[in-house]
Amino acid sequence: MDKERGSIWRRWDLHLHTPGTLKNDNYAGTTLEEKWDNFYSAIKEYIGDGSNPDKVVSVIGITDYLSIQNYLKVKNDNRLPETVKMVLPNVEMRLTLTASEAPVNIHFLFDPKIVDDLETRFFGKLSFSYAGGCYSATRNELIRFGHTLDQTLEGNQAFKKGAEQYLVELSAVRQLFKNDPELRKHTLIVVANSSTDGASGIGKKGGNSQTDALRKSVYQFADAIFSAQPSDRRYFLGEGVDDFQKVIDLYGSLMPCVHGSDAHSIEKIFEPDQQRYCWIKADTTFEGLLQILYEPAERVVIQSNRPDAKDPHQIIESITFEDNNFQRTPIVFNDSLTCIIGGKSTGKSLLLRQLAQSIDNSYTQKQEKDLTQRTPFKVDKATVLWKDKTSDSRRIVYIPQSFLSRIVDDAEESSEISKIIHDILLQEPNIKEAYKEFQQKQDILDSRVAANINEYCKLTTSIRNLEDEIKKEGHADTFRTTIKSLEAERAQLASVINISDEELDNYTKLEKELRESDSKIEKLSRDLKLLKEMPDPVAVIPGYFRTNDCINIEHLFEKFFESSADDLLNAISESESILCAEWRKKVKTIKESLSNEIKEIECSLREKRTLYEQMKVKVDQNTQLQILSKKITEENKKLTEAEKRNATLSSYYNEANKLKKAIISSQEEYRSICEGYCNVVNETGTKKTTNLTFDAQTVWKKRDFFQSLMNSLNNRNFSNFRNTYHLDLSSPDSIKNYDNILLENLWTAIVEPDKEGGLNIKGAFNLASVLREIFKNWYNIHYIVKSGHDTIEEMSPGKKALVLLEMLISLEDSLCPILIDQPEDDLDNRSIYDDLVNFIREKKHERQIIIVTHNANVVLGADAEEVIIANQMGQDSPNEEYRFEYRSGSIENNELVVRHDGLECIGVLYKKGIQTQICDILEGGRPAFEKRQHKYFSVEHHN
């Protein structure tokens, strides 16, 4: 399964000596056999059951001077734990440079595939001259040379002596590999860089141009450096005193630093000083090892813990299909970058989409909304397993094909771009707090506007009913005219009987005065009665809030105040007693005042009532006068009721006008709330490391506003409205300002449709619903992103796509997996290599990335850890068994696959290695491979 997951970080110890090593064998044991037993036991004990990744050493370089004898023994013994996937022969020797310079240790790590040829092609071709004799480095020759040095030595002792004293000139080794370029392809040359026996020690006692040239020639000959010093790693990667290009110019290439324990004893096995373990991200093959040359910074790290260790909760482990169209074995994914490739209609996008859908179906459908693609293939069931061994739904970033070029910015809408920016900005604490406050204020205003509209509509019903009643019962002026006429008639009649004009006039005045006084006493008594019956305000106000449809103060506190809602409600309760006491005190004073005023009026009327009763006897003597007086009394009662109706109607009009002003002015309040939040955004921006800048502005949703008018109002009245108010509702572009003038005119036209320029409401609406529609919040928070001086609307499609990728991936706090389908479709070739590839290379260290691509530069330029090749069964592209099958592995994997029974595979996926299929499937695949292998090398080095 690890091989299918591609290149993963593993511990490699490329410098391990064994018992019987030719120099400094410090392994414990009384016999060589016992030493070997202890050696194998120590390795097994160190690695254990393999559950601790920091202790599992996957590749070992068995090291000895001019010998692979111990390497062969380890291979033949086959006693290493199964977790050790590969053993390499590491042949160490000393290079002689000049007579004045100490020899330099150099290592040759050979591909195990050519081990059988090393005796003739390598050891047999080396040459060392001594005392007139010439010696190769084969075992027999080294024994002969050792015997020459000390004739008392024979066999292994002579071999050991010869190997210890054997020196090879750099030029001779260089010529050997020049003569055998195939051998060179299967050899990794690593020079030690210590100051004692390494290249850095050349010219230690006094550098000059000659020693500098010698050191340079050694580095130029080597592929890599044996060193665990951070300064060496930085230097040979072009990050030290000499920059990237200077290192390439000096030595022909950037060079990786590798390390090993250099163990010569049990205690040192796999334990270099300071736990400087060597971690290599590659297949456990020699081809995998060569990847450190092409990616010297990315593929090898020296440190105590596993590199790029990501949160297992944020890593997709695998997907398993339960569908007869798909292979049943799980498809696994690398922790870093996985690229899914394949020909057209091979199931590569299908795999990515199903992965996203199995994790979060609703989110996937939202992301694919409005995409002009054919109906996706329906899968019966698929299960995603996370690295923490669970299968639940979690957050991902899914970017479907053409998504980046499809999404557009719209100032009047909450566009996808605006939502992305919003999520980024809300990561800033003060913006998040400002947005929460903005929502709270907006919700409160929403409730208040809705309550005012409801109250206004209730008032309009009351006004209409009262106006109808006034029409039916009569106006006060009508009653005044009637009373005046009746009084004149009564005066005329009184002149006939024995009643003087003065008496009749006094009687009439007195009657009127008594009626007005009685009316005033009635009003004062009614007020006094209402005050006595009126409950405390704390019983009224909360009751209003609880029964009113628009707002509930307890719910409001609980919704917006997470920790202080109870405190606020308690504060209200504590205030109730204070409010009630003050209220009762004031009410008592008012009631006493009203009672006193009533008593004063009644006291002043006593004599007048007596006089009136005396005069009334005389007046009533005449029957006709009595009838007139009765009519006058009745008309006065009607006048009193009419005046009450007029007073009530006037108060209704005043209240309705106040509500109208409050509702219309709410739009300015909405704008103010929005602008307050925008100001915080503009002052704060984002603290993330980015060249992008962010702003926010308040925008009138003009298009939606006028569409709302079209939906709710009869459009045939729009011409009358235009003629009256000079505003064309059918042509929004002609209306420049969203202000109180527009809203006042709309209000008048809607509330009074029978007037000139009036607007009729469509049948599906009523006054309340239309007002709620027109006077809701018509402002949008529009976010603006800039790169340099360009807003996203002004950017080229390629630049826009890269900016969107940065916002989606780099500027959010989440470390969830990223799934992208063919991002290169939105970019030009230069943007792919210069921008997209670098972007992916950087982000894959932080987050798991899974990409569908048909571009070789994405796969190879970004150094994909895993490549999944998709294939759909076809006449020219058969699968082993299922309609859709997938094969995965690393870039360096070029192995053919055979079945367990040894027969040749039927499926096209297994007839070629991963590397070859990358070249065949992806346009420009082979040139991209060459570019990857050469990018850190000079032309001279390669030639």
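Each residue of the sequence shown is one higher than the one before, counting from 0 in numbering that gives the first Met the number 0.
Backbone N, C-alpha and C define an ideal beta-carbon position, used for all residues, glycine too.
1) Tell me which residue opens and which closes the alpha helix (DSSP H) that Val-698 is part of.
2) Within the continuous alpha helix (DSSP H) that includes Gln-438, where are the two ends?
3) Going straight from the alpha carbon of Ala-863 to that of Val-383, what length do you get?
4) Threshold first: 4 residues or longer. Then list the alpha helix (DSSP H) segments lying entirely within the segment 620-650, N to C.
5) On the criterion of 16 or more Cβ atoms from any shown chain inside 10 Å, does Arg-10 qualify as buried, or is it exposed?
6) Have a look at Glu-153 and Gln-164 and give me their C-alpha separation to the nearest angstrom.
7) Which parts of the segment 151-183 are runs of the beta strand (DSSP E), unbroken and 3 residues or longer, counting only runs that do not cross its ends?
8) Which term fits Thr-29, buried or exposed, when burial requires 16 or more other beta carbons within 10 angstroms of its beta carbon?
9) So Gly-123 and Leu-141 are in contact, right, with Cβ under 8 Å, and what is the actual spacing, rounded?
10) Output the boundary residues of the beta strand (DSSP E) element that contains Asp-10.
11) Find the nearest neighbour of Tyr-778 within the set Val-299, Phe-437, Phe-883 and Ser-795, judged by alpha-carbon distance.
12) Would you give the residue range spanned by the alpha helix (DSSP H) that Gly-287 belongs to?
13) Strictly by DSSP, which residues pair up with Ser-317?
14) Taking the alpha carbon of Cys-338 as the reference point, which residue from Ala-869, Ile-850 and Cys-904 has its own alpha carbon closest?
15) On the three-state DSSP scale, how would you describe Gly-123?
16) Starting from Lys-785, follow its DSSP beta bridges and name the residues at the other end.
17) Which stretch, first to last residue, makes up the beta strand (DSSP E) that contains Tyr-724?
18) Going by Cα to Cα distance, which pick from Val-240, Leu-351 and Lys-700 is closest to Val-378?
19) First and last residue of the beta strand (DSSP E) that includes Gln-302?
20) Tell me the DSSP bridge mates of Met-92?
21) Give me the residue from Leu-117, Ile-808 and Tyr-885 with the minimum Cα distance to Ile-395.
22) Which same chain residues, not among the five before or five after Glu-601, have their C-beta less than 8 Å away from its C-beta?
23) Tell me, please, which residues DSSP counts as bridged to Lys-280.
24) From Thr-62 to Glu-3, what does the alpha carbon distance come to, in whole angstroms?
25) Can you list the beta strand (DSSP E) stretches of 3 or more residues lying completely in the segment 855-900, in chain order?
26) Please name the residue or residues paired with Asp-242 in a DSSP beta bridge.
27) How many angstroms separate the CA atom of His-146 from the CA atom of Asp-179?
28) When DSSP labels each residue in this structure, what does Gly-206 get in the three-state scheme?
29) In the DSSP assignment, what residue or residues form a beta bridge with Glu-922?
30) Pairs of beta-carbons, one from the segment 764-771 and one from the segment 685-696, closer than 8 Å: are there three or more?
31) Taking Ser-711 as the reference, which of Tyr-724, Leu-728, Val-448 and Asn-722 has the closest Cα?
32) What is the residue span of the beta strand (DSSP E) that Ile-734 lies within?
33) Out of curiosity, what's the CA-to-CA distance linking Lys-43 and Val-90?
34) List the DSSP bridge partners of Asn-73.
35) State the Cα-Cα distance for the pair Asp-919 and Tyr-45, rounded to the nearest angstrom.
36) Kindly list the residues whose CB is nearer than 6 Å to the CB of Lys-280, restricted to its own chain and excluding five residues on each side of it in sequence; keep chain order.
With the structure as the only source:
1) First-last for Val-698: 691-699, but that is the beta strand (DSSP E), not the alpha helix (DSSP H).
2) In this chain, the alpha helix (DSSP H) harbouring Gln-438 covers 428-472.
3) C-alpha separation (whole angstroms): 21 Å.
4) When DSSP assignments are scanned along the segment 620-650, no uninterrupted stretch of alpha helix (DSSP H) that is 4 or more residues long falls wholly within it.
5) By the 10 Å Cβ count, Arg-10 comes out buried.
6) Rounded to whole angstroms, the separation of the alpha carbons of Gln-164 and Glu-153 is 16 Å.
7) Listed in chain order, the complete beta strand (DSSP E) runs (minimum 3 residues) inside the segment 151-183 are 166-168.
8) Label assigned to Thr-29: exposed.
9) Contact between Gly-123 and Leu-141 is ruled out by a C-beta separation of about 11 Å, above the 8 Å threshold.
10) Residue 10 is actually Arg in this sequence, not Asp. Unbroken beta strand (DSSP E) run through Arg-10: 8-16.
11) For the residues Val-299, Phe-437, Phe-883 and Ser-795, the minimum Cα distance to Tyr-778 belongs to Phe-437.
12) Bounds of the alpha helix (DSSP H) holding Gly-287 are 285-293.
13) According to DSSP, which records beta bridges pairwise, Ser-317 is partnered with Val-331 and Leu-384.
14) Of the candidates Ala-869, Ile-850 and Cys-904, the one whose C-alpha sits nearest the C-alpha of Cys-338 is Ile-850.
15) DSSP places Gly-123 in the helix class (H, G or I) of the three-state scheme.
16) DSSP, once it has assigned bridges, lists Thr-692 and Thr-790 as partnering Lys-785.
17) In this chain, Tyr-724 is not harboured by any beta strand (DSSP E); it is covered by the alpha helix (DSSP H) spanning 717-724.
18) Measuring from the Cα of Val-378, the nearest candidate turns out to be Leu-351.
19) Residues 299-302.
20) In the DSSP assignment, Met-92 is bridged to Ile-105.
21) Of the listed residues, the one whose Cα sits closest to Ile-395 is Ile-808.
22) Only Ile-520 meet the Cβ criterion.
23) Its beta-bridge partners are Trp-8.
24) In this structure, the alpha-carbon of Thr-62 lies about 30 Å from that of Glu-3.
25) Counting only runs of 3+ residues, the beta strand (DSSP E) found wholly inside the segment 855-900 occupies 865-871 and 883-888, in chain order.
26) Bridge partners of Asp-242: Glu-238.
27) The C-alpha of His-146 lies about 30 Å from the C-alpha of Asp-179.
28) Bear in mind that the predicted position of Gly-206 carries a pLDDT of just 48, short of 50, making it unreliable; the figure below should be weighed with that in mind. DSSP, reduced to helix, strand and coil, places Gly-206 outside both helices and strands of the structure shown, so it counts as coil.
29) In DSSP, Glu-922 forms a bridge with Asn-854.
30) Remark: fewer than three beta-carbon pairs, one from each stretch, lie closer than 8 Å, so the segment 764-771 and the segment 685-696 are not flagged as touching.
31) Of the listed residues, the one whose Cα sits closest to Ser-711 is Leu-728.
32) Neither: Ile-734 is in no beta strand (DSSP E) and is coded neither H nor E.
33) Looking at the two C-alpha atoms, the distance is approximately 24 Å.
34) Per the sequence shown, the amino acid found at residue 73 is Val instead of Asn. Paired residues: none, contrary to the question.
35) The alpha-carbon atoms of Asp-919 and Tyr-45 are separated by roughly 43 Å.
36) Only Ser-6, Trp-8 and Arg-298 meet the Cβ criterion.
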